[in-house]
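**Student:**
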Amino acid sequence: MLNILSWLFGIVGLIIVIPATIPFLGWANYFAMPFLILGIILGFLSSSTSGRTFCIIVTILAVIRLFLGGGLL
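Residues 903 to 975 in my numbering are what the sequence shown spells out, letter by letter.
#1: Taking the C-alpha atoms as reference points, what is the distance between Gly973 and Ala922?
#2: Can you tell me the Cα-Cα spacing of Leu970 and Asn931, whole angstroms?
#3: Could you name the residues of the same chain whose beta carbon sits closer than 6 Å to that of Gly915, not counting the 5 residues immediately before and after it, in chain order?
#4: Please name the residue, chosen from Leu944, Pro925, Phe926, Ile924, that lies closest to Ile906 on a Cα-to-Cα basis.
#5: Going straight from the alpha carbon of Leu968 to that of Thr951, what length do you get?
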């Protein structure tokens, strides 16, 4: 059950991250981060690792986009 919740939080995060790759919308990645972090936490509590891995990959994409846009110090 926790793995399914992890996948759902990851999908919500991905839905926010995809439009955030457009220039001037990079700030939307900050809204995706809480969903992705919660998905990673739920993935760690789950016995399966697929949801956690998905959330980690989407988080890496969001962090790279923030880094390239100058959003992270």
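All C-beta atoms in this analysis are idealised placements derived from N, C-alpha and C, irrespective of residue type, glycine included.
**Tutor:** From the atom records:
#1: Rounded to whole angstroms, Gly973 to Ala922 spans 12 Å at the Cα level.
#2: Straight through space, the alpha carbons of Asn931 and Leu970 are spaced by roughly 12 Å.
#3: The answer, listed in chain order, is Ala934, Phe937, Leu938, Val960.
#4: Comparing C-alpha distances from Ile906 to each of Leu944, Pro925, Phe926, Ile924 shows the shortest one belongs to Leu944.
#5: A straight-line Cα-Cα distance of about 26 Å links Leu968 and Thr951.
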